[in-house]
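Asks: One structure coming up, written as structure tokens, with questions to follow.
2 protein chains.
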Amino acid sequence: MPNVDVFSALSNPVRRDILMQLRMGPRAVNDLAQGFDLGRPAVSEHLQVLRKARLVREEPRGRERYYHLDPRPLSEVDDWLKAFTHYWKQRLAALEDVLDEEARK
Amino acid sequence: MPNVDVFSALSNPVRRDILMQLRMGPRAVNDLAQGFDLGRPAVSEHLQVLRKARLVREEPRGRERYYHLDPRPLSEVDDWLKAFTHYWKQRLAALEDVLDEEARK
DNA sequence: TCAATACGTCGGAAATATCCGACGCGTCAA
DNA sequence: TTGACGCGTCGGATATTTCCGACGTATTGA
Chain A
39 MPNVDVFSAL
49 SNPVRRDILM
59 QLRMGPRAVN
69 DLAQGFDLGR
79 PAVSEHLQVL
89 RKARLVREEP
99 RGRERYYHLD
109 PRPLSEVDDW
119 LKAFTHYWKQ
129 RLAALEDVLD
139 EEARK
Chain B
39 MPNVDVFSAL
49 SNPVRRDILM
59 QLRMGPRAVN
69 DLAQGFDLGR
79 PAVSEHLQVL
89 RKARLVREEP
99 RGRERYYHLD
109 PRPLSEVDDW
119 LKAFTHYWKQ
129 RLAALEDVLD
139 EEARK
């Protein structure tokens, strides 16, 4: 059971959609599968990937399993993106320097 | 030439690494390929994916091609993540309500 | 002009992802 | 207890990804 990379987990639109849906609250598998043009096994396998990426947590309720969102691993993506925010800030700062230089002429 | 999904483009660690490297400035293909345990064609194909996702731009200089970072499409990922930031704020607000309720007893 | 260099892309191999039907296991309700 | 339900997972089919060697094209420098 290899831990799945968060970026890989997000690469599939169905899985991103599932996460979006789970924001509203926990959902059972059949309930989730209704919203997609997919069979239940496929949804179940997408949930397995999300589970291995620790993006969802399962809570058994009788014969159903409610899946809960756990957004914490998303911080890895957010942190990665920050590296490019900083890049932009640097670029902007450099641009300002150039503009200041021009203004001083 | 189908436009590549940004999330898919980011799903590969080599492509993420390439983007990281390009923050420092434009790089030629051979130069980039040195840093990876990969042949040049593989790196070139990764660059093609990044190009289709509009995350890089190419600038021919003689027989070399310098690849530049274009971080703008990353905003799509950032916006997507924001949906979960808001989710968290809602959850925290709900939690505070519960705590206030408890405190009032 | 000619050999070397930098690069993109193609054909094909290998790995991986995605999906379904079928099956089995536990749970529910009669 | 028994039949229906909710679910996970397996086997296998198909699609996609990833990678390489080989080739063609354009550019460079001798």
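Chains A and B supply the protein sequences, listed in that same order.
Residue 143, in the numbering used here, is where the first sequence stops; the numbers in between run on with no holes.
Residue 143, in the numbering used here, is where the second sequence stops; the numbers in between run on with no holes.
Note that the Cβ used here is the ideal one computed from N, Cα and C, for glycine as well.
Mark Ser113(A) as exposed unless 16 or more other C-beta atoms lie within 10 angstroms of its C-beta, in which case mark it buried.
Replies: For the purposes of this step, residue 113(A) is taken as the residue at position 75 of the first sequence. So Ser113(A) counts as exposed.
Asks: Which residues, taken in chain order from the region 112-127 of chain B, show a beta carbon closer than 8 angstroms to some beta carbon of chain A?
Replies: The residues in question are Leu112, Val115, Asp116, Trp118, Leu119, Ala121, Phe122, Tyr125, Trp126.
Asks: With DSSP as the reference, label Ala91(A) as helix, strand or coil.
Replies: Position 53 of the first sequence, counted from the start, is the residue given in the question as residue 91(A). In this structure, Ala91(A) counts as coil in the three-state DSSP scheme.
Asks: According to the neighbour-count rule (16 or more other Cβ atoms, all chains shown, within 10 Å of its Cβ), is Ala91(A) buried or exposed?
Replies: For the purposes of this step, residue 91(A) is taken as residue 53 along the first sequence, with counting starting at 1. By the neighbour-count rule (16 or more Cβ atoms within 10 Å), Ala91(A) is buried.
Asks: Using alpha carbons as the reference points, say which of Tyr125(B), Ala131(B), Pro98(B), Pro109(B) lies closest to Ala66(B).
Replies: Numbered from 1 along the second sequence, position 28 holds the residue referred to as residue 66(B). Nearest of Tyr125(B), Ala131(B), Pro98(B), Pro109(B) to Ala66(B), Cα basis: Pro98(B).
Asks: Around the C-beta of Pro9(A), are 16 or more other C-beta atoms found within 10 angstroms, so that it is buried, or is it exposed?
Replies: The shown model of chain A, from 39 to 143, leaves out residue 9(A), and the question about it has no answer.
Asks: Quick one: does Ser49(B) have its CB under 8 angstroms from some CB of chain A?
Replies: If you number the second sequence from 1, residue 49(B) lands on position 11. Closer than 8 angstroms: yes.
Asks: Apart from the five residues just before and just after Lys127(B), which ones in its own chain have a Cβ nearer than 7 angstroms to its Cβ?
Replies: Locating residue 127(B) in the second sequence gives position 89, counting from the first residue. There are no such residues.
Asks: Show which residues of chain B have a CB atom less than 9 angstroms away from the CB atom of Phe45(A).
Replies: By 1-based counting over the first sequence, the position of residue 45(A) is 7. By Cβ distance, chain B contributes Phe45, Leu48, Ser49, Asn50, Pro51, Arg54.
Asks: Who are Glu102(A)'s beta bridge partners in DSSP?
Replies: Here residue 102(A) refers to the residue found at position 64 when the first sequence is read from its first residue. DSSP, once it has assigned bridges, lists Arg99(A) as partnering Glu102(A).
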